[in-house]
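Below: one structure, written as structure tokens.
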Amino acid sequence: ISEQISHYLQQNPVTTVIPQQYHNTQLIEDIDYYLEDGKWVFTEWYHRKRGSCCGNGCRHCPYQYINMKSKK
């Protein structure tokens, strides 16, 4: 599934609306996030579901870090 999501994200612009049915509160490892050195890294899919930049400088931010006080 994560490969299909990755392919979808590559083929569709960041403005793609994620259907409401995918906005669940339960996060799914390797789809919404993965673990790296014991830390959670949120995926582009998760950020698109979220719908906007959170301003934390996330690695996979599809929104060009627009809400960060200082750009990456």
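Take the position in the sequence shown, starting the count at 1, then add 123; the result is the number in the working numbering.
Heads up, the beta-carbon is just placed ideally off N, CA and C, and yes, glycines get one too.
Residue range of the beta strand (DSSP E) that includes residue i
{"i": "E152", "result": "Run containing E152: none; DSSP gives neither H nor E here."}
Beta bridge counterpart(s) of residue i as assigned by DSSP
{"i": "E159", "result": "K162"}
Cα-Cα separation, residue i to residue j
{"i": "E126", "j": "Y156", "result": "14 Å"}
{"i": "C176", "j": "E167", "result": "11 Å"}
{"i": "I189", "j": "N179", "result": "10 Å"}
{"i": "W163", "j": "K192", "result": "22 Å"}
{"i": "F165", "j": "R182", "result": "8 Å"}
Opening and closing residue of the alpha helix (DSSP H) in which residue i lies
{"i": "Q127", "result": "125-134"}
{"i": "Y169", "result": "167-173"}
Min CB distance residue i to chain C below 8 Å
{"i": "Y156", "result": "Given the protein chain composition of this structure (a single chain), no chain C is represented."}
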